[in-house]
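**Student:** Sharing a structure below in structure tokens format, with a few things to ask.
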Amino acid sequence: MNPYEIIDKYYPEDSELKRILLKHSRSVADKALAIARSHPEFNPDLQFIEEAAMLHDIGIFLTDADGIFCYGSNPYICHGYLGADLVRQEGFPRHALVCERHTGAGLSLKTIIERELPIPHRDMLPVSIEEQIICFADKFYSKTRLDSEKTIEQAMKSLERHGEEGLKRFDEWCKIFL
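Residue numbering for the sequence shown follows the working numbering, starting at 55 and increasing by one per position.
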């Protein structure tokens, strides 16, 4: 599968949003691949990691985040499951799980209900080692500061809004992946 072909279907050529998506996704993919290569004991699927990392944020164009040129009608927190729906329609259900499960450090059904989040009521937690690596790598990059990698402290600070559960999961990943 070629993730760029799928991105091209949904993002106009030469748009600022596409440039942001590609730059962010490439940064996440590169970090995820570096983490995966440094942990051969997990036997990670490197091709899948690259493909899924490039697609993890494909749903952002359907959300309202004008700071990154997204003019859709949905809250930004919906981009994961909306992107998953697109990727499933393209015939890649395993890749779709990464889209759905990468928001925050993953979202449990309990958190979704308690915080009254406007997303489907189901666990959206990274399960496979590949999902966990991509989700972890994503926390180090924003779409507004494309040329800089966050420190662990900055990544944790940005996760605070997703609650204690996500911070704890991120901390565990730091112990495993770094």
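All C-beta atoms, glycine included, are put in the ideal place defined by N, C-alpha and C.
Keep in mind that this is a model prediction, so the values were computed, not measured.
Taking 9 Å as the cut-off, decide whether the C-beta atoms of residue 60 and residue 109 are in contact.
**Tutor:** Result yes, Cβ atoms of residue 60 and residue 109 sit closer than 9 Å.
**Student:** Just to confirm my understanding: we take residue 172, look at its own chain, exclude 5 residues before and 5 after, and list those with CB closer than 8 Å. What are they?
**Tutor:** Taking C-beta separations shorter than 8 Å and ignoring five residues to either side along the sequence, the partners of residue 172 in its chain run 128, 129, 131, 132, following chain order.
**Student:** Given a cut-off of 9 Å on the beta-carbon distance, is the pair residue 149 and residue 191 in contact?
**Tutor:** no
**Student:** Report the rounded CA-to-CA distance for residue 209 versus residue 199, giving the unit in angstroms.
**Tutor:** 13 Å
**Student:** Which residue's Cα is closest to the Cα of residue 72: 85, 218, 111, 99?
**Tutor:** 111
**Student:** Report the start-end ranges of each alpha helix (DSSP H) in the stretch 163-187 that is 4 residues or longer and not cut off at the edges.
**Tutor:** 163-168
**Student:** Name the residue from 100, 79, 78, 95 whose alpha carbon lies nearest to the alpha carbon of residue 88.
**Tutor:** 100
**Student:** Going by DSSP, what residue range makes up the alpha helix (DSSP H) through residue 79?
**Tutor:** Here the alpha helix (DSSP H) through residue 79 covers 70-91.
**Student:** Based on the DSSP output, what are the partners of residue 161 in its beta bridges?
**Tutor:** Looking at the DSSP assignment, residue 161 forms a beta bridge with 178.
**Student:** On the DSSP bridge assignment, give the partners of residue 119 in chain order.
**Tutor:** 124
**Student:** Would you grab the beta carbon distance between residue 156 and residue 188 for me? Rounded to a whole angstrom, and I think it's under 8 Å.
**Tutor:** 6 Å
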